[in-house]
Amino acid sequence: TSDHFSTGPANMSFTVEHHFMGPGSYRKARPASVSSSGFHSQRRRHTYSQPSSIDSLETFNGDMTRRSEKEILQALNDRFAGYIEKVRNLEMHNRNLEAEAAALRQSQAGRASVGEHYERELCDLRDLLQQLTGEKARAALEHEHLEEDIQHLRVRLEDEARNREELEAGRLSEAARSNQNAIRGSQEEIAEYRRQLQSRTIELETLRGMKESLERQRMESEDRHQDDLNSLQETINQLDNELKTTKWEMASQLKDYQELLNVKMALDIEIAAYRLVRAKKHTYLKCLIGFLMSKL
């Protein structure tokens, strides 16, 4: 299984404390060294955690819906690398403790005065060694469980990927059918629009021909009307000239008539005077004749 996961430090995205330290973690301090032992300067405090595989697995299961398969496998890979690194650290720490215990045993023979302190420290070291051994066993067990979880997750991811592919294929097929129907409907609409466009084009050409014909008729009618108007204007001008001539002739005739009327009136007066004279002469003659007849 370790061949499928990278164990180098450069590939670890999570530290050991990030994966294994949790609410149940604890810090075990090594016993205080005796001031005269000379080994206390190399002792440091180390931190170990209780297994939290179930909580971590639930966290991964909760994040599966939000992460891609590659991210989940990478996280599991980093976590597995953290387990391996922890086991190595525990083994190295065990070797250091065993070497330190051996050194304490060797120095105990020459330092009987501090034997009691060393004995207590050795007891503490044995307890710590036993605890680390148990921790190592739990880490190995959790390692096995993690491999099983990884296998289960891989199977689950493959199933989910296959189901997603099938669903996606079905969705794409349905979308393709829907798009095909939409394309067919659009093609029918386009054909109908083309027929309507052709009909409207024919109608437009017909109307354009009618418009041109009416425009020609209008221009011809305007030309005819303009000719008629020009002819009428010439007639009006001619009649106007004739009217002016007639008025002038009438004025001249009226003047002649007035002169003739004056002459006539003068003649009438002369005739009346002549008749009066004749009447007077006739009366005188009758009176004279009557007088003469009376004398006879």
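For what it's worth, the UniProt record's numbering labels the leading residue of the sequence shown as 1, then goes sequentially.
Note that CB positions come from ideal geometry on N, CA and C, so glycine has one too.
All of these numbers come straight from a predicted model, not from anything done at the bench.
Cα-Cα separation, residue i to residue j
{"i": "valine 155", "j": "glutamine 187", "result": "46 angstroms"}
{"i": "isoleucine 236", "j": "glutamate 222", "result": "20 angstroms"}
{"i": "valine 277", "j": "glycine 290", "result": "20 angstroms"}
{"i": "arginine 177", "j": "glutamate 160", "result": "25 angstroms"}
{"i": "isoleucine 72", "j": "leucine 122", "result": "44 angstroms"}
{"i": "aspartate 127", "j": "arginine 79", "result": "28 angstroms"}
{"i": "alanine 284", "j": "glutamate 259", "result": "Checking the sequence, you will find tyrosine at residue 284 rather than alanine. Between tyrosine 284 and glutamate 259, the C-alpha separation is close to 37 angstroms."}
{"i": "glutamine 198", "j": "aspartate 227", "result": "43 angstroms"}
{"i": "tyrosine 257", "j": "methionine 265", "result": "12 angstroms"}
{"i": "asparagine 262", "j": "alanine 273", "result": "16 angstroms"}
{"i": "leucine 232", "j": "glutamate 242", "result": "15 angstroms"}
{"i": "arginine 216", "j": "glutamine 253", "result": "54 angstroms"}
{"i": "glutamate 169", "j": "asparagine 181", "result": "Strictly speaking, residue 169 in this sequence is alanine, with glutamate absent from that position. About 18 angstroms."}
{"i": "threonine 206", "j": "glutamate 234", "result": "42 angstroms"}
{"i": "isoleucine 202", "j": "histidine 225", "result": "34 angstroms"}
{"i": "arginine 162", "j": "aspartate 124", "result": "55 angstroms"}
Sub-8 angstroms separation of residue i and residue j beta-carbons
{"i": "glutamate 158", "j": "tyrosine 83", "result": "no"}
{"i": "asparagine 96", "j": "leucine 132", "result": "no"}
{"i": "alanine 140", "j": "lysine 86", "result": "no"}
{"i": "leucine 90", "j": "glutamate 135", "result": "yes"}
{"i": "isoleucine 150", "j": "leucine 76", "result": "yes"}
heavy atom of the ligand SAH below 7 angstroms from residue i C-beta
{"i": "arginine 156", "result": "Looking for the ligand SAH in the displayed structure turns up nothing, as the structure carries no ligands at all."}
Test: residue i CB closer than 8 angstroms to a CB of chain D
{"i": "glutamine 74", "result": "Structure shown: chain D not included; a single protein chain is present."}
Task: Given 8 angstroms, three or more beta-carbon pairs between the segment 67-83 and the segment 93-105 - done: no
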